[in-house]
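**Q** Okay, handing you the structure first.
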Amino acid sequence: MTATETRVVVVGGGMAGHRVAQQAAGRGREVLLLGEEEHRPYNRVLLAEVLAGRFPAEVAALAALPDRVERRTARVVRIDRAERRVLCDDGSAVGYGDLVLATGSNPVLPALRGLFDDRLTGRERHRLPDGVFAFRTMADCADVDAYLPEVRQAVVVGGGLLGVSAARALAARGVSVVLAHQGEHLMERHLDAEAARLLAGHLAELGVEVHTECRVRSVLTDGGRRVTGVELADGFRLEAQLLVVAVGVRPRTNLAEAAGLTVRRGVVVDDRLTTDDPHIHAVGDCAEHRGVLYGLAGPALAQADVLARVLGGEDAAYPGSRLLTRLTLNGGSPLDLAAFGVTAPAGPADRVVRLADASRGTYRKVIVRRDEQGGDRLVGGVLLGDLDTVGTIAGTWEGDEALSAHPLHLLTTQSSTTGGPSR
1 MTATETRVVV
11 VGGGMAGHRV
21 AQQAAGRGRE
31 VLLLGEEEHR
41 PYNRVLLAEV
51 LAGRFPAEVA
61 ALAALPDRVE
71 RRTARVVRID
81 RAERRVLCDD
91 GSAVGYGDLV
101 LATGSNPVLP
111 ALRGLFDDRL
121 TGRERHRLPD
131 GVFAFRTMAD
141 CADVDAYLPE
151 VRQAVVVGGG
161 LLGVSAARAL
171 AARGVSVVLA
181 HQGEHLMERH
191 LDAEAARLLA
201 GHLAELGVEV
211 HTECRVRSVL
221 TDGGRRVTGV
231 ELADGFRLEA
241 QLLVVAVGVR
251 PRTNLAEAAG
261 LTVRRGVVVD
271 DRLTTDDPHI
281 HAVGDCAEHR
291 GVLYGLAGPA
301 LAQADVLARV
311 LGGEDAAYPG
321 SRLLTRLTLN
331 GGSPLDLAAF
341 GVTAPAGPAD
351 RVVRLADASR
361 GTYRKVIVRR
371 DEQGGDRLVG
381 GVLLGDLDTV
391 GTIAGTWEGD
401 EALSAHPLHL
411 LTTQSSTTGG
421 PSR
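Structure follows, in structure tokens:
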């Protein structure tokens with residue numbers, strides 16, 4: 001058997017792909033990592049910190065890969081399952097023993113008038129106007145940074161985790177920022193309305209003007225296709241020299257679909273992170289496990305660790321992830337945020353325990369569900385402000401064990417342990 005026939009080829013040089021390569025090499029496998037970005041693999045969780053100017057880009061770089069890993073910049077355009085090889089855009093063909101898809105996701109670009117030029121054809125038609133960015137990669141970060149000297153006002157479209165992070169990073173650079181969000185409140189996947197109000201207030205202190213239930217319908221440009229502002233659904237216009245679109249992401253599944261692998265919302269994998277082809281695996285944003293697309297760094301790294309064990313010959317299985325999302329907003333008075341599980345009770349078995357202190361800007365809420373044995377279990381929670389309790393709560397949530405004390409005890413117990421970010 002040749003080296004090519006036993007080699008692990010990882011498609012995607014992000015956090016998940018880097019982790020698989022690193023861990024599989026540590027278990028004796030030869031690995032080729034194919035990534036489209038020129039940048040050394042980096043921690044995307046830190047992109048907003050780099051844009052805000054708090055860290056240089058080098059700080060976000062991931063650890064150097066071991067000698068058993070060869071890293072190459074190339075875009076894979078096709079999987080040839082019959083020959084067990086991938087074809088790249090430079091015309092080269094790479095054979096594999098095991099293939100790992102860690103292709104991540106693409107930003108969703110909404111159907112806004114003026115975003116694309118219908119008079120153009122081919123790739124030019126899909127070129128964004130100057131000053132419009134999808135904040136997703138280190139290249140995006142560098143492009144925004146290079147553009148900032150020309151910017152006084154910016155509009156961020158989308159009030160999810162990424163949009164909030166981008167807005168506060170731009171504000172930290174002295175830009176006047178409007179955050180336009182179509183939903184009823186910010187980060188509705190993670191927060192309830194009361195927590196979102198506190199978050200909006202903190203963003204306002206940082207210089208971000210927040211508008212919810214606000215739909216942008218058009219991108220305004222000058223004759224040279226340079227952004228000058230946006231038009232809202234009610235006809236009101238906002239001036240801007242910079243527009244960041246952060247309305248969501250879509251898993252990159254085109255390679256898997258074209259190869260005939262099962263794809264629903266993502267590339268479908270089993271508990272061993274294996275597709276319906278035993279030689280092809282998927283992890284991270286592109287992978288759908290037990291019907292779930294996680295789209296966060298924490299689960300992606302957990303999947304990569306399990307897959308590396310599988311590639312090393314171990315009988316390992318990924319059980320799924322219980323998410324605890326973290327975000328820190330720096331400024332005059334830093335605000336920590338943590339959210340997990342459901343944000344509202346789902347039935348009579350659920351009850352809410354809440355502590356709020358408006359004077360300190362803190363908000364702590366957990367949702368507890370009575371199980372069949374009469375015990376209480378955490379099913380969700382939202383924490384804002386001074387998060388000295390988050391370590392205790394994170395451990396209880398991740399352990400999925402019955403509470404040994406009244407839920408109020410969780411909200412008042414300090415802990416030196418802090419759960420890691422799952423962004």
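Going by the UniProt record's numbering, the sequence shown opens with residue 1, and the numbers climb by one from there. All C-beta atoms, glycine included, are put in the ideal place defined by N, C-alpha and C. The model shown is predicted, which means the values in this text are computed figures rather than measured ones.
Who are the near neighbours of G104 in its chain, counting only those whose CB is closer than 7 Å to its CB and skipping five residues on each side?
**A** Mapped onto the sequence shown, residue 104 falls at position 104. The residues are G12, G14, R252, G284, D285, C286.
**Q** How many Å lie between T151 and Q241 at the Cα?
**A** Counted from its first residue, the sequence shown places residue 151 at position 151. Counted from its first residue, the sequence shown places residue 241 at position 241. Reading off the sequence shown, one finds Val at residue 151, where the question assumed Thr. Rounded to the nearest angstrom, the two C-alpha atoms are 5 Å apart.
**Q** Should the segment 79-87 be regarded as contacting the segment 256-271, the criterion being three or more beta carbon pairs within less than 8 Å?
**A** Three or more beta-carbon pairs separated by less than 8 Å link the segment 79-87 to the segment 256-271, which places the two stretches in contact.
**Q** Would you report the Cα separation of F116 and V244, rounded to the nearest angstrom?
**A** Here residue 116 refers to the residue found at position 116 of the sequence shown. Here residue 244 refers to the residue found at position 244 of the sequence shown. The alpha-carbon atoms of F116 and V244 are separated by roughly 15 Å.
**Q** With distances taken Cα to Cα, identify the nearest neighbour of P41 among L51, T73, R29.
**A** As a working mapping, residue 41 is identified with position 41 in the sequence shown. Of the listed residues, the one whose Cα sits closest to P41 is T73.
**Q** Below 8 Å on the Cβ atoms is my guess for A200 versus L186; work out the distance and round it to an integer in Å.
**A** As a first step, residue 200 is located in the sequence shown; it is residue number 200 there, counting from the start. As a first step, residue 186 is located in the sequence shown; it is residue number 186 there, counting from the start. That pair is a contact at about 6 Å.
**Q** When you compare only the Cα positions, how much space is there between residue 429 and P299?
**A** A question about residue 429 goes unanswered here, because the residues of the chain that appear run from 1 up to 423.
**Q** Excluding the 5 residues preceding and the 5 following R217 in the sequence, name in chain order all residues of the same chain whose CB lies nearer than 7 Å to its CB.
**A** Walking along the sequence shown from the start, residue 217 turns up at place 217. Same-chain partners within the cutoff: L112, R113, E231, L232, A233.
**Q** Between P421 and the rest of its own chain, which residues show a CB-CB distance below 6 Å, the 5 nearest in sequence each way excluded?
**A** Walking along the sequence shown from the start, residue 421 turns up at place 421. Any reading at P421 needs caution, since the residue's pLDDT is 42, under 50, leaving its predicted position unreliable; the model's value is listed next. The residues are V45, R326.
**Q** What is the C-beta distance between R71 and D89, in whole angstroms, given that I count them as a contact (C-beta under 8 Å)?
**A** One-based indexing of the sequence shown puts residue 71 at position 71. One-based indexing of the sequence shown puts residue 89 at position 89. Between D89 and R71 the Cβ distance is about 17 Å, and since that is not below 8 Å, they are no contact.
**Q** My output table needs one value for E194: the three-state DSSP class, helix, strand or coil.
**A** On the sequence shown, residue 194 is found 194 positions in, with the first residue counted as 1. It is helical.
**Q** Figure out for me which residue from P345, A302, G395, G207 has the closest Cα to the Cα of Q153.
**A** Locating residue 153 in the sequence shown gives position 153, where the first residue counts as 1. The shortest C-alpha separation from Q153 is found at G207.
**Q** Could you name the residues of the same chain whose beta carbon sits closer than 8 Å to that of A402, not counting the 5 residues immediately before and after it, in chain order?
**A** Here residue 402 refers to the residue found at position 402 of the sequence shown. Within the same chain, A402 has close Cβ partners D371, Q373, G375, D376, R377.
**Q** Mind checking whether D130 and V227 have CB atoms under 8 Å apart?
**A** Residue numbering aside, residue 130 sits at position 130 when the sequence shown is read from its first letter. Residue numbering aside, residue 227 sits at position 227 when the sequence shown is read from its first letter. Contact flag set, yes.
**Q** Nearest by alpha-carbon distance to W397: which of V366, A166, V269, V306 is it?
**A** Walking along the sequence shown from the start, residue 397 turns up at place 397. Cα-wise, what sits closest to W397 is V366.
**Q** Please determine, among F135, A356, V155, the residue with the shortest C-alpha to C-alpha distance to C214.
**A** For the purposes of this step, residue 214 is taken as the residue at position 214 of the sequence shown. C214 has its Cα closest to that of V155, out of F135, A356, V155.
**Q** In this structure, what does DSSP give as the bridge partners for C88?
**A** For the purposes of this step, residue 88 is identified with residue 88 of the sequence shown, where counting begins at 1. Note: C88 sits in a beta bridge opposite V76.
**Q** In whole angstroms, what separates the C-alpha of A338 from that of S404?
**A** Sequence index remark: in the sequence shown, residue 338 carries index 338 (1-based). Sequence index remark: in the sequence shown, residue 404 carries index 404 (1-based). Approximately 22 Å, taken between the alpha carbons.
**Q** What is the C-beta distance between Y318 and A302, in whole angstroms, given that I count them as a contact (C-beta under 8 Å)?
**A** As a first step, residue 318 must be located in the sequence shown, where it is residue number 318. As a first step, residue 302 must be located in the sequence shown, where it is residue number 302. Y318 to A302, Cβ: 7 Å. Contact.
**Q** Which residues does DSSP list as the beta-bridge partners of N106?
**A** Here residue 106 is taken as the residue at index 106 of the sequence shown, counted from 1. Answer is R250, bridged to N106.
**Q** Over what stretch of residues does the alpha helix (DSSP H) that includes E49 continue unbroken?
**A** Along the sequence shown, read from residue 1 onward, the residue named residue 49 stands at position 49. Run containing E49: 47-51, per the alpha helix (DSSP H) assignment.
**Q** Could you please give the first and the last residue of the uninterrupted alpha helix (DSSP H) stretch that includes S176?
**A** One-based indexing of the sequence shown puts residue 176 at position 176. Looking at the DSSP string, S176 is not in any alpha helix (DSSP H); the run it does join, the beta strand (DSSP E), is 176-180.
**Q** When burial is assigned at 16 or more other CB atoms within 10 Å of the CB, is A346 buried or exposed?
**A** What you label residue 346 is simply residue 346 of the sequence shown in a count that begins at 1. Exposed, since its Cβ has fewer than 16 Cβ neighbours within 10 Å.
**Q** Within its chain, find whatever has a CB closer than 7 Å to the CB of residue 443; leave out the 5 residues flanking it on each side and keep chain order.
**A** In the structure as shown, the chain begins at 1 and stops at 423. Residue 443 is therefore absent and cannot be evaluated.
**Q** Does V283 come out as helix, strand or coil in the three-state DSSP assignment?
**A** For this step, residue 283 is matched to residue 283 along the sequence shown. Here V283 sits in coil by DSSP.
**Q** Sort out for me which residues DSSP pairs V157 with in a bridge.
**A** What you label residue 157 is simply residue 157 of the sequence shown in a count that begins at 1. Paired residues: A180, V245.
**Q** Contact defined as beta carbons within less than 8 Å: I believe residue 429 pairs with V210. What is the distance between those atoms, to the nearest angstrom?
**A** Shown here, the chain extends from 1 to 423; a query on residue 429 therefore has no answer.
**Q** Can you pull the DSSP bridge partners for F340?
**A** The sequence position of residue 340 within the sequence shown is 340, counting from 1. DSSP, once it has assigned bridges, lists L324, G381 as partnering F340.
**Q** Which one of P149, S176, A134 has the shortest CA to CA distance from G158?
**A** Along the sequence shown, read from residue 1 onward, the residue named residue 158 stands at position 158. Taking only the C-alpha atoms, the option nearest G158 is A134.
**Q** Give the straight-line distance between the Cα atoms of V310 and A316, rounded to the nearest whole angstrom.
**A** What you label residue 310 is simply residue 310 of the sequence shown in a count that begins at 1. What you label residue 316 is simply residue 316 of the sequence shown in a count that begins at 1. Their Cα atoms are separated by approximately 6 Å.
**Q** According to DSSP, what are the bridge partners of G374?
**A** Taking the first residue of the sequence shown as position 1, residue 374 is located at position 374. Its beta-bridge partners do not exist; DSSP assigns none.
**Q** Leaving aside the five residues before and after E239 along the sequence, list all residues of the same chain whose C-beta is less than 8 Å from its C-beta, in chain order.
**A** Within the sequence shown, residue 239 is the residue found at index 239, counting from 1. Taken in chain order, the residues that qualify are Q153, T228, G229.
**Q** For R354 versus R369, is the C-beta spacing smaller than 8 Å?
**A** Within the sequence shown, the letter at position 354 stands for residue 354. Within the sequence shown, the letter at position 369 stands for residue 369. Their beta carbons are not under 8 Å apart, which means R354 does not touch R369 by this criterion.
**Q** Taking 8 Å as the cut-off, decide whether the C-beta atoms of I280 and L87 are in contact.
**A** Indexing the sequence shown from 1 puts residue 280 at position 280. Indexing the sequence shown from 1 puts residue 87 at position 87. Going by C-beta atoms, I280 is not nearer than 8 Å to L87.
**Q** As a quick exercise: from D276, G53, G17, pick the residue whose alpha carbon is nearest that of G260.
**A** Indexing the sequence shown from 1 puts residue 260 at position 260. The shortest C-alpha separation from G260 is found at D276.
**Q** Can you give the beta carbon distance from L34 to A21, rounded, assuming they're within the 8 Å contact cut?
**A** Position 34 of the sequence shown, counted from the first residue, corresponds to residue 34. Position 21 of the sequence shown, counted from the first residue, corresponds to residue 21. No, L34 and A21 are not in contact; Cβ-Cβ is about 10 Å, not under 8 Å.
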